[in-house]
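Protein chains in written order, with this note's numbering: chain A, 1 to 453; chain B, 1001 to 1453.
Think of the CB as a built atom: it goes at the ideal place given N, C-alpha and C, for glycine as much as any other residue.
The block underneath contains the structure these notes are about, expressed in structure tokens.
Protein chains: 2
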Amino acid sequence: MVKEYIEKNQQRFLDELFELLRIPSVSADSRHKGDVRKAAEFLVAKFNDAGVDKVELCETKGHPIVFAEKIIGPSLPTVLVYGHYDVQPPDPLDLWHSPPFEPVIKDGKIYARGSCDDKGQVYMHVKAFEAMIKLNTLPCNVKFMVEGEEEVGSDNLGTFVRENKAKLKADIILVSDTAIISLDHPSITAGLRGLSYMEVEVTGPNRDLHSGVYGGAVANPINVLSKMIASLHDENGHVTISGFYDKVVELSDADRTAINKAPFSLENYKNELGIDDVQGEKGFTTLERTGIRPTLDVNGIWGGYTGEGAKTVLPSKAYAKISMRLVPNQSNKEITELFTKHFTAIAPKSVKVKVTALHGGQPAVTPTDSAAFKAASAAFEEVWGKKPIPTRDGGSIPIVALFKDELGLDTVLMGFGLDSDAIHSPNEHYGVKNFLLGIETIAAFYNHYSKNN
Amino acid sequence: MVKEYIEKNQQRFLDELFELLRIPSVSADSRHKGDVRKAAEFLVAKFNDAGVDKVELCETKGHPIVFAEKIIGPSLPTVLVYGHYDVQPPDPLDLWHSPPFEPVIKDGKIYARGSCDDKGQVYMHVKAFEAMIKLNTLPCNVKFMVEGEEEVGSDNLGTFVRENKAKLKADIILVSDTAIISLDHPSITAGLRGLSYMEVEVTGPNRDLHSGVYGGAVANPINVLSKMIASLHDENGHVTISGFYDKVVELSDADRTAINKAPFSLENYKNELGIDDVQGEKGFTTLERTGIRPTLDVNGIWGGYTGEGAKTVLPSKAYAKISMRLVPNQSNKEITELFTKHFTAIAPKSVKVKVTALHGGQPAVTPTDSAAFKAASAAFEEVWGKKPIPTRDGGSIPIVALFKDELGLDTVLMGFGLDSDAIHSPNEHYGVKNFLLGIETIAAFYNHYSKNN
Chain A
1 MVKEYIEKNQ QRFLDELFEL LRIPSVSADS RHKGDVRKAA EFLVAKFNDA
51 GVDKVELCET KGHPIVFAEK IIGPSLPTVL VYGHYDVQPP DPLDLWHSPP
101 FEPVIKDGKI YARGSCDDKG QVYMHVKAFE AMIKLNTLPC NVKFMVEGEE
151 EVGSDNLGTF VRENKAKLKA DIILVSDTAI ISLDHPSITA GLRGLSYMEV
201 EVTGPNRDLH SGVYGGAVAN PINVLSKMIA SLHDENGHVT ISGFYDKVVE
251 LSDADRTAIN KAPFSLENYK NELGIDDVQG EKGFTTLERT GIRPTLDVNG
301 IWGGYTGEGA KTVLPSKAYA KISMRLVPNQ SNKEITELFT KHFTAIAPKS
351 VKVKVTALHG GQPAVTPTDS AAFKAASAAF EEVWGKKPIP TRDGGSIPIV
401 ALFKDELGLD TVLMGFGLDS DAIHSPNEHY GVKNFLLGIE TIAAFYNHYS
451 KNN
Chain B
1001 MVKEYIEKNQ QRFLDELFEL LRIPSVSADS RHKGDVRKAA EFLVAKFNDA
1051 GVDKVELCET KGHPIVFAEK IIGPSLPTVL VYGHYDVQPP DPLDLWHSPP
1101 FEPVIKDGKI YARGSCDDKG QVYMHVKAFE AMIKLNTLPC NVKFMVEGEE
1151 EVGSDNLGTF VRENKAKLKA DIILVSDTAI ISLDHPSITA GLRGLSYMEV
1201 EVTGPNRDLH SGVYGGAVAN PINVLSKMIA SLHDENGHVT ISGFYDKVVE
1251 LSDADRTAIN KAPFSLENYK NELGIDDVQG EKGFTTLERT GIRPTLDVNG
1301 IWGGYTGEGA KTVLPSKAYA KISMRLVPNQ SNKEITELFT KHFTAIAPKS
1351 VKVKVTALHG GQPAVTPTDS AAFKAASAAF EEVWGKKPIP TRDGGSIPIV
1401 ALFKDELGLD TVLMGFGLDS DAIHSPNEHY GVKNFLLGIE TIAAFYNHYS
1451 KNN
């Protein structure tokens, strides 16, 4: 029934999604503040159309949160759906084959910033809900909380959750912001890495200098920053920050064996990325490096003259954005402190260093033996014809830990993207098939979850 | 006589210089191509007004060269004056206290891009020549060659010099593009460092990736570039490129003692730059590090996300501009090759590296016992009341080696800037006193040089 409803309405579903994708709701860029709100208002209207009891645009100190609910019976289970309508900045723009905010379908994929992360996946929920309302088959209560600050650290979500515990009362949280292994191998994310995201500033002389006159005698902040960054890993790819690994849960051999059973071809991986070799922590496989091990990456670096041609400057300042992915039981607050302490300590006397924490989130693991996880598994099996594989994912959804701490609720990460969807990159895309099957799977989840609760 | 002429006309001299400074002749930026030509045309007009026999705007494959001459007697000595009318890019613009191309005088200093390097110093020559013509006291033949590509490597000067050897026939070359120690300590540059300026590109994966999904398993080009840059110096501040020091002329203890006799206060140096400590090659003083030792500096670095906020990207590419200052008898061509070979060799298999040479120049030493050097010394003594100190300077004027090789001519580097003039930096400035005394000193040079030739 849901399947037929989707088939009949799929063109309208896509048209509506395209309308949402055209709004450049880049939360990191203050110039897009108005667009972020516009995306929230779009969702308010669509929740109303879909048939919620009520929908609210809740103001925060930053971008607003959209809350909606449909209560059909106080004794029935309640699912709280979380998602986000903000998107990553689209740059570098020149690498996009089509403009990031003008969605197009090519080879069965929707190309646009946010198509997968997370507008496309949020919109599946709106449409799955609509289908069950129109067909009069919704088997449980549903609440929706869709925020506009996920890509900048969900700074105001914590306050909102703490101040609205009654309103958010539910039995389980359902999030679609992750990926399956492939269309042939559906999977459910059972673990997520946390995040500490820092910005560092290294200052040498008090002004830009002529490198010919001063070079060799005055510390160059770019050279110094490079050396400091290089020292953050040892020759085995281990992070050198003192205490970094202290709380890391080391997995049993059995667990590691299970993780490495996921279908994975190193050759395909290298070919798809155009690299001759992978690189990472010694003693771990690629799946382990991205799933169960903490990591440190420089996400951006800048300093000195970066224009056309040559300028012989010894700059005053150099900057980098450095983030660490965390695993259970690392604490993002503690790692942020360890990094700050370490980075300040390794600076030579010839420079000054400033370290700022930009944002962070706790690592999380979802129990695979819960009723909700089992319902998600059954929903996949029903719609995709295959039992989904539980995986450990590299990306962070910091709110999972927040929901556990503040609401006492577990989260089921039932995402439908693919790792190759290029989220956070130029040419982000999302399969039309993933979008449509996702809607069906969400509806199936409601049924399975309600049956067993 | 010249002194009085300068006093009477100084306001007009400054007005004319300001007009030249208002033209944003940034040779590195193709958007300023028209402005660069405008600056050349301005000089053509002013050479005519000053009384040359002829002046030509000579086309090259890049920006034009202005050539002018005044021949008063075939048996008299001929001085060929070299300078450049192009300027460095003005960025970072937000650090300028007044706009870079709107000159203002503050505390006796002219603030503008190019005020010292090299428009202000070139214009002293135009006005010294004018004074001697109007006073009918020019004692020798004078030729002028003023180019518009010095800040981007003088790419077309070599061809021009080779193709115009007869036109450029002279006895000595005179250049004002260097600095004196201070107004109290006039000095003449007797040695100059050479330059190899490179750009490097490090490519990891074929597209920007999500650092959460791929971080820890795929080489991050920023981390790799940082490590490669860090490895270019050892723990003693020596450059690690194999063969880098092979041809370096090691100075005698006597020569090193002489260099270190120049007035220099490490405390003042540190205070003026706002640094707690200097940093450089072990075993050498600051004056030696900037004068007689080769160095390596990163002039610019960029890669990944550098905008507002946080973006968890593992970028595809990272870039740096890296330059090396060279000393006798290093060859800039050879060092460029050694760098390219070394940098390519140290790249791990997980990335691809591209190295491009942007520009370069040979190191040079001027003989202090020549008639021309002695005339410059006498000119300073006459005007400044003090015998100038011969110095070794860190900056590069690559054309000195070119003139020696192609024209067989020595160069006298009679510059009037100060190291604190912030050339290549925001708030470049040039003392009005330096400008006016410079004009007088140039005229005195003509007299002393003609007497002894």
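Chain B has no Cβ within less than 8 angstroms of the Cβ of His84/A. Within chain B, the residues Glu1272, Leu1273, Gly1274, Ile1275 have their CB atoms less than 9 angstroms from the CB of Asn206/A, given in chain order. Between His1424/B and Val313/A, the C-beta spacing is below 8 angstroms.
Asp1155/B is outside the set of residues whose beta carbon lies under 8 angstroms from a beta carbon in chain A. Annotated three-state conformation of Arg289/A is helix, per DSSP. Contact annotation: Arg325/A and Gly1212/B have beta-carbon atoms nearer than 8 angstroms. Using a CB distance cut-off of 8 angstroms, Tyr1245/B does not count as an interface residue toward chain A. The stretch 1263–1281 of chain B makes no contact with the stretch 296–306 of chain A; the number of CB pairs closer than 8 angstroms stays below 3.
Distance from the CA of Gln11/A to the CA of Ser115/A, rounded to the nearest whole angstrom, comes to 16 angstroms.
With respect to chain A, the C-beta atom of His1429/B has no partner C-beta closer than 8 angstroms. The C-beta of His1063/B comes no closer than 8 angstroms to any C-beta of chain A.
Excluding its 5 nearest sequence neighbours in each direction, Thr240/A has C-beta neighbours in its own chain below 7 angstroms: Ser231, Leu232, His233, Asp234, listed in chain order.
One finds nothing in chain A with a Cβ atom closer than 9 angstroms to the Cβ of Asn1268/B; even the nearest lies about 14 angstroms away. Note on geometry: alpha-carbon atoms of Glu149/A and Asn223/A lie some 35 angstroms from one another. Around Gly243/A, the same chain offers Leu338 as residues with beta carbons nearer than 7 angstroms, after the five sequence neighbours per side are excluded. Around the CB of Lys54/A, fewer than 16 other CB atoms lie within 10 Å, so the residue is classed as exposed. The C-beta of Leu358/A comes closer than 8 angstroms to at least one C-beta of chain B.
Excluding the 5 residues flanking it on each side, Ile1292/B has same chain C-beta neighbours closer than 7 angstroms at Leu1251, Ile1259, Val1327, Arg1392, in chain order.
Apart from sequence neighbours up to five positions away, the residues of its chain that approach Pro64/A with a beta-carbon distance below 7 angstroms are Arg37, Ala40, Leu57, Cys58, Gly148, ordered along the chain. Look at Ile322/A here: in three-state DSSP terms it is strand. Considering only beta carbons, the part of the stretch 1282–1294 of chain B lying closer than 7 angstroms to chain A consists of Thr1286, Arg1289, Thr1290, Arg1293, in chain order.
Annotation for Asp1035/B: no beta strand (DSSP E) segment contains it, though the alpha helix (DSSP H) segment containing it runs 1033–1050.
Contact with chain A is found for Ser1211/B, since one of that chain's Cβ atoms lies less than 8 angstroms from the residue's Cβ. Interface flag for Arg37/A against chain B is unset, since no Cβ pair is found closer than 8 angstroms. For Thr1189/B, the CB contacts under 6 angstroms within the same chain, skipping 5 residues up- and downstream, are Thr1178, Thr1391, Asp1393, Leu1413 in chain order. With distances taken between CA atoms, Phe47/A lies nearest to Glu69/A out of Glu69/A, Arg31/A, Lys33/A. Assignment of beta-bridge partners to Tyr1082/B by DSSP yields Met1145/B, Val1175/B. Rounded to whole angstroms, the Cβ separation of Val353/A and Val218/A is 16 angstroms, and the two are not in contact under 8 angstroms. Apart from sequence neighbours up to five positions away, the residues of its chain that approach Ile439/A with a beta-carbon distance below 6 angstroms are Ile6, Met124, Lys127, Ala128, ordered along the chain. No Cβ of chain A is located within less than 8 angstroms of the beta carbon of Pro1024/B. For Ser211/A, no beta strand (DSSP E) run applies; the uninterrupted alpha helix (DSSP H) run containing it begins and ends at 211–214, by DSSP. Taking 8 angstroms as the cut-off between beta carbons, none of the residues of the stretch 1099–1123 of chain B comes near chain A. Cβ atoms of Val1200/B and Phe1101/B stay farther apart than 8 angstroms, at about 32 angstroms. Residue burial annotation: Ala1254/B is exposed, with fewer than 16 other C-beta atoms found within 10 angstroms of its C-beta. Excluding residues up to 5 positions away in sequence, Lys127 lie with their Cβ nearer than 6 angstroms to the Cβ of Phe13/A in the same chain. Between Leu57/A and chain B, the shortest Cβ-Cβ separation is not below 8 angstroms.
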